[in-house]
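In our numbering, the protein residues as written are 33 to 445.
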């Protein structure tokens, strides 16, 4: 066992929330030591940017905040103090230009995460932040010192205060494994069970359909789902058929209601409009046209352009007898009933729901049960769709927790 000289503060977790907290603390004049379990920091941040680094979204602020669902109200104070415009200004301050894409998403000019991370880490080092990698946090010892598992054995680090930004439980290979849950629960925090968010769902396809269409995209379809209170959620988008079900942006946007329905009823139901650009009357008219000797598959392809995976989905989800009734078939094309019965495993999810309940925290994101311990990022109990919302909230809560911790340290003397 080895001991380090006590730093002024410690940040545990080198993702966006932890790095932002470290920046706020360093700017406030504190010596900051940042610890991460992986060989380098920002690994999930880098992987998330492989397909194009989406940093935030340009939509109107009320709509932006509403994307956080049931946690919109509790997150709003942190988001208001570091909104999408402030985030873009912060990125510009790192020397990285941004632009707004056609969908309203905001990207770095180079579309990559690596240049942004390099510039950020350089600035943190210039502010005196010290990085300690391959340090896996285990909890506290009897004296309140942090304990880490390292390649050199157990390391104990006495600190005045610490900020935890350890992520959720998705993408375990990148360091977010949820191992902190029992540790914080044992420290008196209320922890809402972690669950997959922005994830795919299993639909129980037949072997024939799965073998033929797995990996095929469904572009420009509309998903509609009725909630228990009668509200109907509707969204146009894209998804992908998998060997077990469906995944992709459109499905991710419905992760929370789908997951909740499965928990409540054992399954979730929704409808897909396979021809959202066409009115229902037109679809019925085309389906009802005489098809002569042509097969129904040829008829649907020639009259409606339905073929491939869309035609396959019709056969998969509608009873055989429906294809003999034009009215029922047309209704199925415009509102295809789909049933899913389970979310994909949490380690496959892009993000997680659940985490440390805000009720366990002060407004400054300090644990009520353990003064001097602050929490930020995906460890907190919130979720959001992809599109820049995840990163924005991680940075906003990291900033808020870092500033709050700096004030607490000053007041504690």
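The beta carbon of each residue, even a glycine, is placed where N, CA and C say it ideally should be.
Determine the extent of the beta strand (DSSP E) in which residue 269 is found, giving its start and end residues. 264–273
Give every residue of the same chain whose Cβ lies closer than 6 Å to the Cβ of residue 267, excluding the five residues on either side of it in the sequence, and list them in chain order. 255 and 285
Beta-bridge partners of residue 228, as assigned by DSSP: 384
First through last residue of the alpha helix (DSSP H) which encompasses residue 77: 75–80
For the alpha helix (DSSP H) containing residue 355, list its first residue and its last residue. Taken as a continuous stretch (DSSP letters only), residue 355 belongs to no alpha helix (DSSP H), as it is neither H nor E.
Could you tell me whether the region 302–319 touches the region 358–369, using the rule of 3 or more Cβ pairs below 8 Å? yes
Rounded Cβ spacing between residue 45 and residue 77 (contact assumed at less than 8 Å): The Cβ separation is near 12 Å, so there is no contact.
Quick test of your reading: residue 291 and residue 227, contact by CB under 8 Å. State the CB separation rounded to the nearest angstrom. 6 Å
I'd like to know whether the C-beta atoms of residue 233 and residue 278 end up nearer to each other than 7 Å. yes
Rounded to whole angstroms, how far is the Cβ of residue 416 from the Cβ of residue 75, which I believe are closer than 8 Å? The Cβ separation is near 21 Å, so there is no contact.
Smallest Cα separation from residue 22: which of 319, 440 and 426? Within the shown structure, residues of the chain are numbered from 33 to 445, placing residue 22 beyond reach of any answer.
Residue span of the alpha helix (DSSP H) that contains residue 391, given as start and end: Neither: residue 391 is in no alpha helix (DSSP H) and is coded neither H nor E.
May I ask which residues mark the beginning and end of the alpha helix (DSSP H) holding residue 108? 104–112
Roughly how many angstroms separate the alpha carbons of residue 437 and residue 61, rounded to a whole number? 12 Å
Pick out whichever of 360, 93 and 244 has its Cα sitting closest to the Cα of residue 109. 93
Contact set for residue 358: own chain, Cβ-Cβ below 7 Å, skip 5 residues either direction: 316, 319 and 320
Any idea what DSSP makes of residue 33, helix, strand or coil? Any reading at residue 33 must be qualified, since the residue scores a pLDDT of 44, below 50, and its modelled position is unreliable; the value itself is stated next. Note: residue 33 maps to coil in three-state DSSP.
So, is residue 33 buried or exposed, given that buried needs 16 or more other C-beta atoms within 10 angstroms? Residue confidence for residue 33 is low, a pLDDT of 44 falling below 50, so the modelled location carries little weight; the figure read from the coordinates is stated next. Burial call: exposed.
Residue from 430, 170 and 201 whose Cα sits closest to the Cα of residue 186: 170
Residue environment, residue 113, which counts as buried when at least 16 other CB atoms sit within 10 Å: exposed
So is residue 431 buried or exposed if we call it buried at 16+ other beta carbons inside 10 Å? buried
Straight-line Cα distance separating residue 166 from residue 73: 10 Å
Are residue 202 and residue 381 closer than 7 Å when you measure CB to CB? yes
With DSSP run on the structure shown, which of helix, strand or coil describes residue 364? helix
Hey, would you say residue 53 sits closer than 7 Å to residue 433, going by beta carbons? yes
Determine the direct distance from the alpha carbon of residue 88 to that of residue 387, and round the result to whole angstroms. 22 Å
For my contact list, residue 229 and residue 401 are in at a C-beta cut-off of 8 Å; report their separation, rounded to the angstrom. About 26 Å separates the two Cβ atoms, so there is no contact after all.
Secondary structure at residue 183, three-state DSSP: helix, strand or coil? coil
From which residue to which residue does the alpha helix (DSSP H) around residue 328 run? 328–336
Quick check on residue 121: buried or exposed, where buried means 16 or more other Cβ atoms within 10 Å of its Cβ? exposed
Using a 10 Å radius around the Cβ and a threshold of 16 neighbouring Cβ atoms, would you call residue 274 buried or exposed? buried
Residue 100 by DSSP, collapsed to three states: which one? coil
Mark residue 35 as exposed unless 16 or more other C-beta atoms lie within 10 angstroms of its C-beta, in which case mark it buried. At residue 35 the pLDDT is 47, less than 50, meaning the model places this residue with poor confidence and gives no usable figure here.
Where does the unbroken beta strand (DSSP E) through residue 252 begin, and where does it stop? 249–258
Which first and last residues belong to the beta strand (DSSP E) in which residue 300 is found? 300–305
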